[in-house]
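Going by our numbering, the residue at position 228 of the sequence shown is 213; the numbering climbs one at a time, nothing skipped.
Note that beta-carbon positions come from the ideal geometry of N, C-alpha and C, so glycine has one too.
Notes for the one structure printed next.
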Amino acid sequence: MPEPDLQQLAALLRWYEDNGVDEISADAPVDHTAVRKASTQAPARVPAPAQATRRPQAAALPPGGEASADARKQADGARTLEELEAIVRGFEGCALKETATNTVFSDGNPKAAIMVIGEAPGAEEDRRGKPFVGPAGQLLDRMLASIGLDRTTVHITNILPWRPPGNRQPNAGEIATCLPFVERQVALIAPKLVLLAGGTSAKALLGTTEGITRLRGRWVDHHYPGLAAPTPTLPIYHPAYLLRQPAMKRDAWRDLLSVAARMEGLGIGPGGENSPSGTIAD
Ligand code: URA
């Protein structure tokens, strides 16, 4: 057999990664051309991917149905953030857990007056088990710093605690299943302000179909289950989007100024030497 061309193999792997194929989702490769041929011939047995047999109950659940009801019941039983974290880590009703390396629960200060809620962990977050620690997270840190905030003064989480393989968009069933957990997290933290980073998070939590371009920059007083009073909530552009579309940082900066003004109105935050610096650093 000829020696493999390592440079070509490395280039092929890079190409896969650039296209979002950066996870092994089954223990054995599946030759899909063989599957297609077999389906047109006699019923030859094609081995099912190992993953499909490991957690059949999660994949078989209807979108958001039973799994979501189970998540809600368990989440509502959590009296503290620690209890909720243990429940999320032990939850078996979302198939995303199967391909994720880590459960990514939250980061920052659980007593913070401000909560930031993103979409789902990316590759770096999945590896390290913490939300927003990859390139988008670094931009989020700079955005927060521009209005005097950091991870000691905000609490950060996502609507999904597990990374969708290859960073694909989470589907409606996965979002519905995991929503009770993030809603309970909001109820337990009881923040004074909530920032929803990106359209997926804004649509899921506000229960709307409007896109982020229309939602961003508009405060809504949103009723989170378990909280007596509505919480001022602001959808903002997702930092990953801002990395791809830096021209949109102008709008993002306006939104951050609006957050700073709200903070001042509510007497939150450092002010003084930490007051808005005027720009979001690249
Ligand atoms: N994008 C998100 O929405 N959340 C993360 O934690 C990382 C990237």
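Is any non-hydrogen atom of the ligand URA found closer than 7 Å to the C-beta of residue i, if you look at the structure I gave you?
{"i": "F286", "result": "The requested residue 286 does not occur in the structure, where the chain is confined to residues -14 to 267."}
{"i": "E70", "result": "no"}
{"i": "E104", "result": "yes"}
{"i": "A225", "result": "yes"}
{"i": "N143", "result": "yes"}
{"i": "E159", "result": "no"}
{"i": "G151", "result": "no"}
{"i": "G93", "result": "no"}
{"i": "A182", "result": "yes"}
{"i": "E63", "result": "It is worth fixing the name first, because residue 63 is Ala in this sequence and not Glu. A63: no, Cβ never under 7 Å from the ligand URA."}
{"i": "G107", "result": "yes"}
{"i": "G202", "result": "no"}
{"i": "A121", "result": "yes"}
Which residues in the same chain as residue i place their Cβ atom closer than 8 Å to its Cβ, once the five residues preceding and following it in sequence are excluded?
{"i": "Q154", "result": "T185"}
{"i": "D206", "result": "P215, T216, P217 and T218"}
{"i": "D(-10)", "result": "none"}
{"i": "G194", "result": "For clarity, residue 194 is Thr in the given sequence; the question names Gly instead. For T194, where only same-chain residues beyond five positions count, the Cβ hits under 8 Å are K188."}
{"i": "Q(-7)", "result": "none"}
Assuming residue i and residue j make a contact with CB atoms under 8 Å, what is their CB distance in whole Å?
{"i": "R57", "j": "P165", "result": "4 Å"}
{"i": "I221", "j": "L180", "result": "5 Å"}
{"i": "H140", "j": "A71", "result": "At roughly 18 Å, the Cβ-Cβ gap does not stay under 8 Å, so H140 and A71 are not in contact."}
{"i": "L228", "j": "L124", "result": "6 Å"}
{"i": "L301", "j": "V244", "result": "Residue 301 lies beyond the residue range present for the chain, which begins at -14 and ends at 267; the question has no answer from this structure."}
{"i": "D92", "j": "R136", "result": "6 Å"}
Given residue i, which residues of its chain have a CB within under 7 Å of its CB, disregarding the five upstream and five downstream residues?
{"i": "G196", "result": "G184"}
{"i": "T86", "result": "D111 and R112"}
{"i": "R201", "result": "P220, I221, Y222, D236 and D240"}
{"i": "T25", "result": "Annotation note: pLDDT 45 at T25 (below 50); position unreliable, no value reported."}
{"i": "C79", "result": "A43, A52, W147, E159, T162 and C163"}
Leaving out five residues on either side along the sequence, give the residues of the same chain with a beta carbon under 6 Å from the beta carbon of residue i.
{"i": "W147", "result": "L81, K82 and A85"}
{"i": "G122", "result": "none"}
{"i": "A(-5)", "result": "none"}
{"i": "L270", "result": "Residue 270 is absent from the model: the chain starts at -14 and stops at 267."}
{"i": "W204", "result": "P217 and L219"}
{"i": "Q59", "result": "I72"}
Give a yes or no on whether the C-beta atoms belonging to residue i and residue j are separated by under 8 Å.
{"i": "P95", "j": "I144", "result": "no"}
{"i": "G119", "j": "G103", "result": "no"}
{"i": "L212", "j": "A172", "result": "yes"}
{"i": "I99", "j": "T142", "result": "no"}
{"i": "Q170", "j": "L69", "result": "yes"}
{"i": "V73", "j": "P116", "result": "no"}
{"i": "P149", "j": "A105", "result": "yes"}
{"i": "V101", "j": "A182", "result": "yes"}
Nearest by alpha-carbon distance to residue i: which of the options is it?
{"i": "Y209", "options": "Y226, A189 and P149", "result": "A189"}
{"i": "A225", "options": "D92, G158, M128 and C163", "result": "M128"}
{"i": "E77", "options": "N156, A54 and K234", "result": "A54"}
{"i": "M233", "options": "E109, T198, G114 and Q(-8)", "result": "T198"}
{"i": "V167", "options": "D61, W204 and E249", "result": "D61"}
Tell me whether residue i, by its Cβ, gets closer than 7 Å to a heavy atom of the ligand ADP.
{"i": "E110", "result": "Of the ligands this structure carries, namely the ligand URA, none is the ligand ADP."}
Counting contacts by CB-CB distance shorter than 8 Å, is residue i in contact with chain B?
{"i": "E68", "result": "Although the question refers to chain B, the structure presented lacks it and comprises just one protein chain."}
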